[in-house]
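J.: So the protein sequences, as listed, match chains A and B.
Under UniProt numbering, the first residue of the first sequence is numbered 1, with each subsequent residue one higher.
Under UniProt numbering, the first residue of the second sequence is numbered 1, with each subsequent residue one higher.
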Amino acid sequence: MIPELGLLALILATCLAILQSILPLVGSFTGQVRWMQTGKNLAIGQFFMVLLSFICLVYAFLTNDFSVSYVASNSSTLLPVIYKITATWGGHEGSLLLWILTLVGWGMAIALRSEKLPLVLSSRVLAVLGMVSVGFLLFILLTSNPFTRILPFPPMEGSDLNPLLQDFGMIIHPPLLYMGYVGFAAAFAFAIAALIGGQLDSAWARWARPWTTVAWVFLTAGIAVGSWWAYYELGWGGWWFWDPVENASLMPWLSGTALMHSLAVTEKRGLFKSWTLLLAIATFSLSLFGTFLVRSGVLTSVHAFASDPTRGLFILIYLLVVVGASLALFALKAPDVRSTIRFGLLSRETLLLVNNVVLVASCATVLLGTMFPLLLDALDLGMISVGPPYFNTVFVPLAMILAFALGFGVILNWKHNSTQWLMSQVRWIFVVSALGGLLFSLFYDSRFLISEALAMGLVFWMVLAMIRDIQNKTRNTGLLQGVRKLKPAFWGMHLAHLGVAVCFIGVALSEGYSVQKDLRMAPGQMAEVGDYAFRFDGVSRKNGPNYVSDYGRVTAFRDGREIGVLNPEKRLYVVQQMPMTEAGINAGLTRDLYVALGEPLGDGSWAVRLYVKPFVRWIWFGSILMSLGGLLAVSDRRYRVRVRKKISQPRATGASLAGGQA
Amino acid sequence: MKRWTLFLPLGFFLILCTLLLAGLFMEDKTVLRSVLLNRPLPEFSLPVLEEERQVTQDEMKGQVYLLNVWGSWCPACKAEHSQLVNIASDGFSIVGINYKDSPELALNWLSHSGSPYLYNIQDTDGRLGLDLGVYGSPETFLIDQEGVIRYKHVGILDGKVWNEKVKPLYEMLEEEAKL
Numbered sequence: 001m002i003p004e005l006g007l008l009a010l011i012l013a014t015c016l017a018i019l020q021s022i023l024p025l026v027g028s029f030t031g032q033v034r035w036m037q038t039g040k041n042l043a044i045g046q047f048f049m050v051l052l053s054f055i056c057l058v059y060a061f062l063t064n065d066f067s068v069s070y071v072a073s074n075s076s077t078l079l080p081v082i083y084k085i086t087a088t089w090g091g092h093e094g095s096l097l098l099w100i101l102t103l104v105g106w107g108m109a110i111a112l113r114s115e116k117l118p119l120v121l122s123s124r125v126l127a128v129l130g131m132v133s134v135g136f137l138l139f140i141l142l143t144s145n146p147f148t149r150i151l152p153f154p155p156m157e158g159s160d161l162n163p164l165l166q167d168f169g170m171i172i173h174p175p176l177l178y179m180g181y182v183g184f185a186a187a188f189a190f191a192i193a194a195l196i197g198g199q200l201d202s203a204w205a206r207w208a209r210p211w212t213t214v215a216w217v218f219l220t221a222g223i224a225v226g227s228w229w230a231y232y233e234l235g236w237g238g239w240w241f242w243d244p245v246e247n248a249s250l251m252p253w254l255s256g257t258a259l260m261h262s263l264a265v266t267e268k269r270g271l272f273k274s275w276t277l278l279l280a281i282a283t284f285s286l287s288l289f290g291t292f293l294v295r296s297g298v299l300t301s302v303h304a305f306a307s308d309p310t311r312g313l314f315i316l317i318y319l320l321v322v323v324g325a326s327l328a329l330f331a332l333k334a335p336d337v338r339s340t341i342r343f344g345l346l347s348r349e350t351l352l353l354v355n356n357v358v359l360v361a362s363c364a365t366v367l368l369g370t371m372f373p374l375l376l377d378a379l380d381l382g383m384i385s386v387g388p389p390y391f392n393t394v395f396v397p398l399a400m401i402l403a404f405a406l407g408f409g410v411i412l413n414w415k416h417n418s419t420q421w422l423m424s425q426v427r428w429i430f431v432v433s434a435l436g437g438l439l440f441s442l443f444y445d446s447r448f449l450i451s452e453a454l455a456m457g458l459v460f461w462m463v464l465a466m467i468r469d470i471q472n473k474t475r476n477t478g479l480l481q482g483v484r485k486l487k488p489a490f491w492g493m494h495l496a497h498l499g500v501a502v503c504f505i506g507v508a509l510s511e512g513y514s515v516q517k518d519l520r521m522a523p524g525q526m527a528e529v530g531d532y533a534f535r536f537d538g539v540s541r542k543n544g545p546n547y548v549s550d551y552g553r554v555t556a557f558r559d560g561r562e563i564g565v566l567n568p569e570k571r572l573y574v575v576q577q578m579p580m581t582e583a584g585i586n587a588g589l590t591r592d593l594y595v596a597l598g599e600p601l602g603d604g605s606w607a608v609r610l611y612v613k614p615f616v617r618w619i620w621f622g623s624i625l626m627s628l629g630g631l632l633a634v635s636d637r638r639y640r641v642r643v644r645k646k647i648s649q650p651r652a653t654g655a656s657l658a659g660g661q662a
Numbered sequence: 001m002k003r004w005t006l007f008l009p010l011g012f013f014l015i016l017c018t019l020l021l022a023g024l025f026m027e028d029k030t031v032l033r034s035v036l037l038n039r040p041l042p043e044f045s046l047p048v049l050e051e052e053r054q055v056t057q058d059e060m061k062g063q064v065y066l067l068n069v070w071g072s073w074c075p076a077c078k079a080e081h082s083q084l085v086n087i088a089s090d091g092f093s094i095v096g097i098n099y100k101d102s103p104e105l106a107l108n109w110l111s112h113s114g115s116p117y118l119y120n121i122q123d124t125d126g127r128l129g130l131d132l133g134v135y136g137s138p139e140t141f142l143i144d145q146e147g148v149i150r151y152k153h154v155g156i157l158d159g160k161v162w163n164e165k166v167k168p169l170y171e172m173l174e175e176e177a178k179l
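(1) Going by DSSP, which residues form a beta bridge with N586/A?
(2) With 16 other CB atoms within 10 Å as the buried threshold, where does K542/A fall?
(3) Whether or not the segment 429-446 of chain A and the segment 459-474 of chain A are in contact is what I'm after, with contact meaning three or more pairs of Cβ atoms, one per stretch, closer than 8 Å; do they touch?
(4) Thinking C-beta only, is G91/A closer than 8 Å to L57/A?
(5) Using 8 Å as the threshold, is the C-beta distance between W620/A and W99/A below it?
(6) Report the residue ranges of all alpha helix (DSSP H) runs contained in full by the segment 488-549 of chain A; include only those spanning at least 4 residues, in chain order.
(7) Residues of chain A with CB under 9 Å from L114/B, in chain order?
(8) For N86/B and chain A, any beta-carbon pair shorter than 8 Å?
(9) For D531/A, which residues of its own chain have a beta-carbon under 7 Å away from its beta-carbon, when the five flanking residues on both sides are left out?
(10) Using the C-alpha atoms, what's the distance from L498/A back to I505/A?
(11) What residues from the segment 309-331 of chain A come within 8 Å of chain B, judged by C-beta to C-beta, listed N to C?
(12) Rounding to the nearest angstrom, what Cα-Cα distance links I121/B and M580/A in this structure?
(13) Among I85/A, G135/A, R591/A, A111/A, whose alpha-carbon lies nearest the alpha-carbon of V125/A?
(14) Can you tell me the Cβ-Cβ gap for E169/B and L142/B, rounded? I've got them flagged as a contact below 8 Å.
(15) Looking at the strands, I want to know which residues DSSP matches up with I450/A.
(16) Can you confirm whether A334/A, when its beta carbon is compared against all beta carbons of chain B, has any partner nearer than 8 Å?
(17) Within a Cβ cutoff of 7 Å, which residues of the same chain sit near L51/A, ignoring the five residues on either side of it in sequence?
(18) In angstroms, rounded to a whole number, what distance separates the CA positions of G147/B and L41/B?
(19) Using a Cβ cut-off of 9 Å, which residues of the segment 261-288 of chain A contact any Cβ in chain B, in chain order?
(20) Would you kindly report the start and end of the unbroken alpha helix (DSSP H) that includes A193/A?
(21) To the nearest angstrom, report how far apart A306/A and R295/A are at their CA atoms.
(22) Using the beta-carbon of each residue, which ones in chain B are nearer than 7 Å to P579/A?
(23) Under three-state DSSP, which class holds T30/B?
(24) Going by DSSP in three states, S72/B sits in which element: helix, strand or coil?
(25) Inspect the beta-carbon positions of Y99/B and V69/B and report whether they are closer than 8 Å.
(26) Does the distance from the C-beta atom of S53/A to that of G6/A stay below 8 Å?
(27) Give me the Cα-Cα distance between residue 685/A and V529/A, rounded to the nearest whole angstrom.
(28) For R348/A, count neighbouring Cβ atoms within 10 angstroms of its own Cβ and tell me buried if that reaches 16, exposed if not.
(29) Answer yes if the segment 185-203 of chain A comes into contact with the segment 234-245 of chain A, meaning at least three C-beta pairs across the two stretches below 8 Å, and no otherwise.
(30) Quick one, are the C-beta atoms of L121/A and A189/A less than 8 Å apart?
(31) Check each residue of the segment 364-375 of chain A: if its Cβ is closer than 9 Å to any Cβ of chain B, include it; give the result in chain order.
(32) Take L320/A and list the residues in its own chain whose beta-carbon comes closer than 7 Å to its own, dropping the five residues that flank it on each side.
(33) Can you check whether the CB of I44/A is closer than 8 Å to the CB of F61/A?
(34) In or out: K78/B buried (at least 16 other Cβ within 10 Å) or exposed?
(35) Using three-state DSSP, classify I149/B as helix, strand or coil.
(36) Check residue 694/A in the structure and name its three-state DSSP category.
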């Protein structure tokens, strides 16, 4: 009964979504206030319907209802309760339901906060969101119903959740990621509403900005968790693999980052209007495109869902309708929102333009690398796979250009700056950074690495430029007083940029100075890797709830002192007969020790892989700082002040102007 | 900015969609191209990774085996690896095609993780993979004792696929061979 209730709720949600995409939109053209006001209640109703449906699915998992086909193929009686809940989004159908739940959740949030918006705008935004969710609801109902039953002979036991997904990282990774993906639907809806109305002012940008930033915060956190998960769960020692599915999340992140920066210009200076709109459309399209890649089976990947061409076709048609229509609308209406303000060559505007160009170029690079094998295959030119070498060669220089531009960007003011002034600002920073990078690379390790010198130089460059900016902004009032007067948006910007610098440190040092050894180790045997010594203490059998494990024990030493015990594991998940590696990690601020078990080699010896990875954790620290920076920026008061007052207020001056970028 | 440039994103998007549509309807990659199914292995003469010798398709006849396409650069292959080791330890024969890889890295990986393979065919330039219609690694072919391709699986050969599809077929072919 319960699964049927869930399905019914989904069907009702679809009806509400259809109404939501028609009534408020029509009302906004005919000026019927009643019709426009329906959007809010429809969005709330839709959310509760989808929530009910989701709860029904969770309930089916908790009660081991294997007559539901999706439950039977993603759960088993042995599965721990927490994973029974998270198994709800462990497969295609359920994760799609979670995606829809987050989408309508965003829809409701916007509806609830929409009182601040002009009614015409908010009703159009909600109508666009309604259209987006109609597509996804039809998709799930027509091709991927999670409530399909296996009757009359349901299996006695389910085939268990994929062991890769039985992990804490996997519990939070998809919801975070979906919050990000789907959050860009808000920016998209705002953009379409602006195009329909042919009006885009800085008030518009001020409404659209916090939603975009929050989406970006979630996406950043989601990608970071995914990378962290790959690091400790896959046991390959890496944190990014340029897998098509990873690329699918990186593309909207890159264009979303560009969007955030371009929105800053649109809000502060009323510039880049059509460009901002295009980015908003592109970012959400890339989120949809990622969904297509993951679920259609067009590309093979480690964590692609079961492929099904019907689903692929459905999403493709959906993409064609949504994105095609939006881009057509853009092509026709963009001239209406053209801006005519000018700015000097040496200005924050220019640097943000550079930022956008570099980010969009990176995004195009990833898109090309992901699509290239498919392109060649389609043209029958043979088959290739584009691997990390391609991405690294193109991506690393782009990241460095971006970091260099960042330094100028935070120092420069809006509108216009003189060359002389800029030179006086950055001269010493430049010299100190260049020397700092060189000295660092000379003394950190016996090898001198030019790429690491460059990367560390850029870290100095970014951090010093930020400090200089804080100094500049507090010059008139004195540092202590000035610091207190600066707005959260300003601090958010710098915190997020500090995150970029921290991330740089992590990537540069862990890539440059990691030491790795593959060894055959007998119990009691010692091995030295870098400054550390490892003693292999052997492997014992252990039983988990639904797996058996070869539980290794490795003791790590430094300078003869014991610093920790690592427990790498090889697990065999019973139901799926699937072996899994769990790396043993001794985490530290300045280095991770990382041990993975290979294969048993007889007489108690094992193939063991030992790593010392300096500063690898900083990659994720950096991502956390970026996310926190985003949150801090959103907390700025100016996003919460009522619209009417906002419009009559004079333009912000001085310090608060600078806070526009985070 | 000229008026027509505003249509560029739309044009680009439509081209991308055409490509994706083509990708969807290209022959189903998880199923063997009908041309190759039940046809003998393509001709080749390639070095063996572990030893100083060449191997050709004719020398490989005479037994049922799995032909697994892999590379040390391919994360999914690494995920598949311990499953292959299990299969090999259950007494099934696996021959590897080390696809577009450097011999050094491949041997390094095998010595670390244990080799499930009887031996590996070294397909450095990917020619054999191309003839076999390899789309992406890992891929696994089932070859009968006449050297004819009987089944192909694209992607990780996990416990489920192995136990439900490939293993029964393998055992059936072995029965056939005994007759």
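For every residue, glycine included, the Cβ atom is placed at its ideal position computed from N, Cα and C.
All values derive from a computational prediction rather than experimental measurement.
T.: Considering the structure as presented:
(1) L593/A
(2) exposed
(3) yes
(4) no
(5) Not closer than 8 Å, so no.
(6) 488-513
(7) It should be pointed out that residue 114/B corresponds to Gly in this sequence rather than to Leu. Under the 9 Å cutoff, chain A gives G598, E599, P600, L601, A607.
(8) With 8 Å as the cut-off, N86/B counts as an interface residue toward chain A.
(9) R558
(10) 11 Å
(11) P309, G312, L313, L316, L319, L320, V323, G324, L327, A328, F330, A331
(12) Taking the straight line from one Cα to the other gives about 27 Å.
(13) Comparing Cα positions, the closest option is A111/A.
(14) According to the sequence displayed, residue 169/B carries Leu and not Glu. About 6 Å separates the two Cβ atoms, so the contact holds.
(15) I450/A pairs with nothing; no bridge assigned.
(16) yes
(17) In the same chain as L51/A, and ignoring 5 residues on each side of it, the C-beta atoms closer than 7 Å to its own belong to L101, in chain order.
(18) 6 Å
(19) S274, L278, I281, A282, S285
(20) 168-197
(21) With a pLDDT of only 46 at A306/A, under 50, the local geometry of the prediction cannot be trusted, and no value is derived from it.
(22) S82, Q83, N86
(23) At T30/B, the pLDDT of 46 sits below 50, so the modelled position is not reliable; the number obtained from the coordinates is stated separately. T30/B falls in the coil class under three-state DSSP.
(24) coil
(25) Yes; because the gap between Cβ atoms is below 8 Å, this pair is in contact.
(26) yes
(27) Any property of residue 685/A remains undetermined from this structure, which presents chain A solely from 1 to 662.
(28) buried
(29) no
(30) no
(31) L367, M371, P373, L374, L375
(32) none
(33) no
(34) Here K78/B is buried: its Cβ has 16 or more other Cβ atoms, across all protein chains shown, within 10 Å.
(35) strand
(36) Because chain A is modelled from 1 through 662, residue 694/A falls outside the range shown and cannot be assessed.
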